[in-house]
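S.K.: Chains as they are written, first to last, in this note's numbering: chain A, 21 to 368; chain B, 21 to 368; chain C, 21 to 368.
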Amino acid sequence: MGVILLRKIMKKTLKEIAEIVEGKVLGNENTLITNIAGIAEAKEGDITFVSNPKYIKFIETTKASGIIIAEDQKDRVKIPAIVSKNPYFSYAKLLKYAAKEKEKHPSGISKNCSISESVIIENNVAISDFSVIDENVRIDSGTVIYPNCYIGKKSKIGKNCIIYPNVTIREETIIGNSVIIHSGTVIGSDGFGYVPLNNKIEKIPQIGTVEICDDVEIGANVTIDRATTGKTFIGKGTKIDNLVQIAHNVHIGENSIIVAQTGISGSTEIGKGVTIAGQAGLGGHLTIGDGATIGAQSGVMGDVPPKETVSGYPARPHGKAMRIYALIQKLPELFEELKKLKSRIKHE
Amino acid sequence: MGVILLRKIMKKTLKEIAEIVEGKVLGNENTLITNIAGIAEAKEGDITFVSNPKYIKFIETTKASGIIIAEDQKDRVKIPAIVSKNPYFSYAKLLKYAAKEKEKHPSGISKNCSISESVIIENNVAISDFSVIDENVRIDSGTVIYPNCYIGKKSKIGKNCIIYPNVTIREETIIGNSVIIHSGTVIGSDGFGYVPLNNKIEKIPQIGTVEICDDVEIGANVTIDRATTGKTFIGKGTKIDNLVQIAHNVHIGENSIIVAQTGISGSTEIGKGVTIAGQAGLGGHLTIGDGATIGAQSGVMGDVPPKETVSGYPARPHGKAMRIYALIQKLPELFEELKKLKSRIKHE
Amino acid sequence: MGVILLRKIMKKTLKEIAEIVEGKVLGNENTLITNIAGIAEAKEGDITFVSNPKYIKFIETTKASGIIIAEDQKDRVKIPAIVSKNPYFSYAKLLKYAAKEKEKHPSGISKNCSISESVIIENNVAISDFSVIDENVRIDSGTVIYPNCYIGKKSKIGKNCIIYPNVTIREETIIGNSVIIHSGTVIGSDGFGYVPLNNKIEKIPQIGTVEICDDVEIGANVTIDRATTGKTFIGKGTKIDNLVQIAHNVHIGENSIIVAQTGISGSTEIGKGVTIAGQAGLGGHLTIGDGATIGAQSGVMGDVPPKETVSGYPARPHGKAMRIYALIQKLPELFEELKKLKSRIKHE
């Protein structure tokens, strides 16, 4: 198993890396770097970085051969370093460089896949083994479809998308450019709609669609239901983590972040630049304003104004929620004091 | 992307639609309808409906060409309308009609699937590309299996079922008639059972099965574990939303509703007509009575009597839970008052 | 559907079973046993057991033909029995025996799968229909891969593993020996890492890996993300239930238990022998000590010391959490008493 541990991601001098990440070398610019690692785990040959305050303490003890730091860390560092205006972003840039070196997605159309005659496929599209492209689908140039995926009838997938293995995209789904969809995710499953009738539960057919805009990334095993009518909509640049549930007719604005295992109920509208932390639950038919933040495990039952931060169950403005949770902790003392007070009054 | 937005679902006059939904036309019965839409999004050519009180305000401003309304909305409506005894149900009926027009499931047995010799397949069954039907499976007439599914040994699937892509049904699962299973769902995975022994965690083999009754619908990426012994059971007509977890030996009665991301622990018995809202968690070995309702995100740790509504963590009767959550909101004032009281007593 | 109910798992006398489970027969040792069942559901021909105190009441009314009991239940039992030092473990042993009789995993390399030329496959490996083994993968002897799986480049899978249908294992994943992975699970999807830049959300490439040690079992539709750099790590013998989310760079020690729908945020370290109950959520960069227990639906926002039990939202030591939740129940009375007290003081 050591193979993975010792793998070399690259072979660069600190000087060469400084050029990639737009920083300045401090110390020996010929230091050889072969891998990238977190500051606590880094070993000889690795370059690391520091940004999270929790990890600054490692700056003097890290075993890395090089480190990306901010201007104000210059005096603490004892190993060759790269000084950057934004160490976290420099680190991301270096990872991007390393990923490009490593990354080799499938190419070409497999002989083992199934493509309907009516499908339109642009240049440089990859369709891998045992993937199925159903009637009247259109796939634009540069898009890669890994094995065992299903793309339903009349769906349209833009340019330069990556669809990882075992993804299901149901009929009439619209996907923009540069969208990434991770394995096991299901887009366009029927919304959960029923109407009770004569002691039976009648299904309300879900004849709407789903539209995913450019630059969206969707994690693994996510579910995004098709609309009853109209469309479920994910705005440009929005990022969705694993195991998130997005119900029918939900509308999410641009550049929002939805963390793992969150659930969003039907017809709720999420603005632009909204952050929803993990395992949060949002009721149906709500409006979450632009730039709002919703805490982990929150239970949101009402609208949230723009830029508001809410948390807790039921979700309230975060400051109030924090105060209330702090007071809940003090309940034992409160009950104690009330008891004393009662006995004092009795005895007076 | 406008293609989808402008798509025509049908081409009917209001009069023809009134016949489909069993309503009476109010206004021009020759109005042409080409699509169905929500009241806020509707455009020219669309028919819409109103039922949720939150949306009644749109009745005068909707851009729809027609609207399905209740008797008592007659005076407010300014566009051609269909008056119905139950607008929501009429709407569902119209969707059903439109879905039938649109819906064209796969048919026939693909040359690219894998079917064991011992499999029994009735008439009019569809088995799509790269689906695998293992030994001694039986599939009844009219059932459709989309691509990339796996049906394990000795499983039996009834009539007129729809199994969407990438579904896994493990060995010896029994599925009734008219069951719908959405993509990514796993039925019959091993229950989570272990026994600690000599500092190791020994697996308890799960040799039971799963039985899914007629008219059940199961959402996307759901997990339903097989029983340790005996069976995990989902009763007739029950509807299960996306990403729900149903553990080994759970028994769910008829016509229950389980909303997204709910988890039900091992051996718990859920009655008939139970509603469990999203992200609820139920402990193991519990009994939830017929007609009970469990609130979103509840943590249910004890039995729930028939027709009871519970909510909160830990779950309590809903009325009490609401009162308690309201009082929790007042804790800051409570602490303030207690402080005042103390100082008054001191100073007296 | 009666077929399943009447199926015979085995055909053994009580004496033969006593030998398998290392117990002593009490009563007719020639009693014929054909199936295994829970004490409440058992019928003629079944053997059952009792261990959970909740089910001891059934000991006198069960319809089983035989029962595995502890020494101290000897006097209550009226049917042929097997007396065991540990009835639950004896039961597990019997299930294991029955499972072996029943279990017949696929064998051989299917003609319908896709294996890259550079793949190394040891003896007795099964690779089933429509599974894809990408470049430079290595699979050790005795491992079974069910249909429709994807194993990414340079991944390594140890001996005697079982990979159920529709599993995705992304590139460079390392899996030990005797690992079981249930259907729909995704290992090695990109971690959820972004950096905001000029009003865009830039992806941080995730170039690390995942390592799963020996004897781990992973449920259905689980997601385990690859590390940003370094690796996400699941220690030997750890068991993970369905729909669990494990973020990038999480490290889990040996023999821990993670129950369904739990979410663990990035870089959190979980010790050995930790138990995390269902739907719990853990923040990022935390340390959970060896032997700690985390209650169902907890929201863990800070480190947890070894052997500590925590519960609630936010999670606190379990004793304190229980006291606080009990006091919350009493809030209506508290407010009532405070009101009385105020009026008394006023009137004095």
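Built from N, CA and C at the ideal position, the CB exists for glycine as well.
At a Cβ threshold of 8 Å, is C/Val279 touching chain B?
M.R.: Locating residue 279 of chain C in the third sequence gives position 259, where the first residue counts as 1. Interface residue, yes.
S.K.: Let me know the secondary structure DSSP gives B/Pro326 once reduced to three states.
M.R.: Within the second sequence, the letter at position 306 stands for residue 326 of chain B. Three-state result, B/Pro326: coil.
S.K.: Run through the DSSP bridge pairs and tell me what B/Pro337 is partnered with.
M.R.: To locate residue 337 of chain B, count along the second sequence from 1; it is residue 317. Beta-bridge pairing links B/Pro337 to B/Val330.
S.K.: A/Glu137 bridges to which residues according to DSSP?
M.R.: In the first sequence, the residue the question calls residue 137 of chain A occupies position 117. Partner(s): none; A/Glu137 has no beta bridge.
S.K.: Can the beta-carbon of A/Ser331 be found less than 8 Å from the beta-carbon of A/Gly315?
M.R.: As a position in the first sequence, residue 331 of chain A is number 311, starting the count at 1. As a position in the first sequence, residue 315 of chain A is number 295, starting the count at 1. In this structure, A/Gly315 lies closer than 8 Å to A/Ser331 by Cβ.
S.K.: What is the DSSP secondary structure of B/Asp149, counted as helix, strand or coil?
M.R.: Counting from one through the second sequence, the residue named residue 149 of chain B turns up at place 129. B/Asp149 falls in the coil class under three-state DSSP.
S.K.: Taking CB distances under 8 Å as the criterion, tell me whether A/Ile365 reaches chain C.
M.R.: Your numbering for residue 365 of chain A matches position 345 in the first sequence. Yes - at least one Cβ of chain C is within 8 Å of the one on A/Ile365.
S.K.: Please compile the residues from chain A whose C-beta is within a distance smaller than 7 Å of the C-beta of B/Gln317.
M.R.: For the purposes of this step, residue 317 of chain B is taken as the residue at position 297 of the second sequence. Under the 7 Å cutoff, chain A gives Gly301, Gly319 and Tyr333.
S.K.: With a threshold of 8 Å between beta carbons, is B/Ala240 in contact with chain A?
M.R.: Numbered from 1 along the second sequence, position 220 holds the residue referred to as residue 240 of chain B. Interface residue, yes.
S.K.: Determine, for C/Glu356, whether the minimum Cβ-Cβ distance to residues of chain A falls below 8 Å.
M.R.: By one-based count along the third sequence, residue 356 of chain C stands at place 336. Taking Cβ atoms only, chain A never reaches closer than 8 Å to C/Glu356, which makes this a no.
S.K.: If you follow the alpha helix (DSSP H) that A/Leu114 is part of, which residue opens it and which one closes it?
M.R.: As a working mapping, residue 114 of chain A is identified with position 94 in the first sequence. It spans Pro107 to Lys122 - the alpha helix (DSSP H) in which A/Leu114 sits, taken as one unbroken run.
S.K.: With contact counted as at least three CB pairs below 8 Å, one residue from each stretch, are the stretch 268-280 of chain B and the stretch 82-92 of chain C in contact?
M.R.: Segments in contact, no.
S.K.: Flag this pair as yes or no: are the beta carbons of A/Ser151 and A/Cys133 separated by less than 8 Å?
M.R.: Here residue 151 of chain A refers to the residue found at position 131 when the first sequence is read from its first residue. Here residue 133 of chain A refers to the residue found at position 113 when the first sequence is read from its first residue. Contact: yes.
S.K.: Cα-Cα, which of B/Lys44, B/Met342 and B/Gly204 is closest to B/Ile244?
M.R.: Within the second sequence, residue 244 of chain B is the residue found at index 224, counting from 1. Ranking the options by Cα distance to B/Ile244, first place goes to B/Gly204.
S.K.: Given that C/Glu222 touches chain A, what residues does it touch there, using C-beta distances under 7 Å?
M.R.: Position 202 of the third sequence holds residue 222 of chain C. Ala112, listed in chain order.
S.K.: Measure the CB-CB distance between A/Thr288 and A/Thr313 and report whether it falls below 8 Å.
M.R.: Your numbering for residue 288 of chain A matches position 268 in the first sequence. Your numbering for residue 313 of chain A matches position 293 in the first sequence. Their beta carbons are not under 8 Å apart, which means A/Thr288 does not touch A/Thr313 by this criterion.
S.K.: Do C/Glu155 and C/Ser130 have their CB atoms nearer than 8 Å?
M.R.: Against the third sequence, residue 155 of chain C aligns to sequence position 135. Against the third sequence, residue 130 of chain C aligns to sequence position 110. Not in contact: C/Glu155 and C/Ser130 (Cβ atoms no closer than 8 Å).
S.K.: Does DSSP put C/Lys174 in a helix, in a strand, or in coil?
M.R.: Residue mapping note: residue 174 of chain C aligns to position 154 of the third sequence, counting from 1. Of the three classes helix, strand and coil, the one that applies to C/Lys174 here is coil, per DSSP.
S.K.: State buried or exposed for B/His202, treating a residue as buried only when at least 16 other CB atoms are found within 10 Å of its CB.
M.R.: Position 182 of the second sequence, counting from 1, holds the residue named residue 202 of chain B. With 16 or more other Cβ atoms within 10 Å, it is buried.
S.K.: DSSP three-state label for C/Leu26, please.
M.R.: Against the third sequence, residue 26 of chain C aligns to sequence position 6. Below a pLDDT of 50, predicted positions are generally treated as unreliable, and C/Leu26, at 43, falls in that range; no measurement from the model is reported.
S.K.: Report the rounded CA-to-CA distance for B/Gln226 versus C/Leu114, giving the unit in angstroms.
M.R.: Position 206 of the second sequence, counted from the first residue, corresponds to residue 226 of chain B. Position 94 of the third sequence, counted from the first residue, corresponds to residue 114 of chain C. When rounded, the distance between both Cα atoms is 11 Å.
S.K.: Write down the C-beta distance between A/Gly65 and A/Ile79 rounded to the nearest angstrom, noting that I regard them as a contact closer than 8 Å.
M.R.: Numbered from 1 along the first sequence, position 45 holds the residue referred to as residue 65 of chain A. Numbered from 1 along the first sequence, position 59 holds the residue referred to as residue 79 of chain A. Between A/Ile79 and A/Gly65 the Cβ distance is about 18 Å, and since that is not below 8 Å, they are no contact.
S.K.: With a cut-off of 8 Å on the beta carbons, I'd call A/Ile177 and A/Ile159 a contact; round off their distance for me.
M.R.: Along the first sequence, read from residue 1 onward, the residue named residue 177 of chain A stands at position 157. Along the first sequence, read from residue 1 onward, the residue named residue 159 of chain A stands at position 139. Indeed, because the Cβ distance is near 5 Å, the residues count as touching under 8 Å.
S.K.: Should C/Thr188 and C/Val206 be called a contact, given that it needs their Cβ atoms to be closer than 8 Å?
M.R.: As a first step, residue 188 of chain C is located in the third sequence; it is residue number 168 there, counting from the start. As a first step, residue 206 of chain C is located in the third sequence; it is residue number 186 there, counting from the start. Taking 8 Å as the Cβ cut-off, C/Thr188 and C/Val206 qualify as a contacting pair.
S.K.: Please tell me whether A/Lys360 has its Cβ less than 8 Å away from any Cβ of chain C.
M.R.: Locating residue 360 of chain A in the first sequence gives position 340, where the first residue counts as 1. Not closer than 8 Å to any Cβ of chain C, the Cβ of A/Lys360 fails to qualify, so no.
S.K.: Alpha carbon to alpha carbon, how far is A/Ala62 from A/Val164? Give it in angstroms, no decimals.
M.R.: Translated into positions along the first sequence, residue 164 of chain A becomes position 144. Translated into positions along the first sequence, residue 62 of chain A becomes position 42. In a straight line, the C-alpha of A/Val164 is about 33 Å away from that of A/Ala62.
S.K.: Are A/Glu357 and B/Leu358 touching if we call contact CB-CB under 8 Å?
M.R.: By 1-based counting over the first sequence, the position of residue 357 of chain A is 337. By 1-based counting over the second sequence, the position of residue 358 of chain B is 338. Going by C-beta atoms, A/Glu357 is nearer than 8 Å to B/Leu358.
S.K.: Just to confirm, is the Cβ distance from C/Ile365 to B/Arg364 under 8 Å?
M.R.: Within the third sequence, residue 365 of chain C is the residue found at index 345, counting from 1. Within the second sequence, residue 364 of chain B is the residue found at index 344, counting from 1. Yes, the Cβ-Cβ distance between C/Ile365 and B/Arg364 is below 8 Å.
S.K.: Give the list of continuous alpha helix (DSSP H) stretches no shorter than 4 residues that lie fully inside the stretch 21-98 of chain A.
M.R.: The stretch 21-98 of chain A contains these whole alpha helix (DSSP H) runs: 22-26 and 34-41.
S.K.: Since C/Tyr75 and C/Ile59 are thought to touch, with beta carbons under 8 Å apart, how far apart are those beta carbons, to the nearest angstrom?
M.R.: One-based indexing of the third sequence puts residue 75 of chain C at position 55. One-based indexing of the third sequence puts residue 59 of chain C at position 39. Contact flag correct, Cβ pair sits at about 5 Å.
S.K.: How is the beta strand (DSSP E) around C/Ala297 delimited, first residue to last?
M.R.: Here residue 297 of chain C refers to the residue found at position 277 when the third sequence is read from its first residue. C/Ala297 -> no beta strand (DSSP E), and no H or E assigned at all.
S.K.: Look at the Cβ atom of A/Val264, then the Cβ atom of A/Val242, and state whether they are nearer than 8 Å.
M.R.: Taking the first residue of the first sequence as 1, we reach residue 264 of chain A at position 244. Taking the first residue of the first sequence as 1, we reach residue 242 of chain A at position 222. Yes, the Cβ-Cβ distance between A/Val264 and A/Val242 is below 8 Å.
S.K.: Going by DSSP, what residues sit across from C/Gly283 in a beta bridge?
M.R.: Position 263 of the third sequence, counted from the first residue, corresponds to residue 283 of chain C. Per DSSP, C/Gln265 and C/Gly301.
S.K.: The beta strand (DSSP E) that contains B/Tyr443, what's its start and end?
M.R.: The structure shown does not extend to residue 443 of chain B, since chain B spans only 21 to 368, so no value can be given for it.
S.K.: What's the C-alpha gap between A/Gly303 and A/Gly286?
M.R.: Working through the first sequence from its first residue, we reach residue 303 of chain A at position 283. Working through the first sequence from its first residue, we reach residue 286 of chain A at position 266. A/Gly303 and A/Gly286: Cα-Cα distance of roughly 8 Å.
S.K.: What residues are listed by DSSP as bridge partners for C/Ser209?
M.R.: On the third sequence, position 189 is the one that residue 209 of chain C refers to. C/Asp245, per the DSSP bridge assignment.
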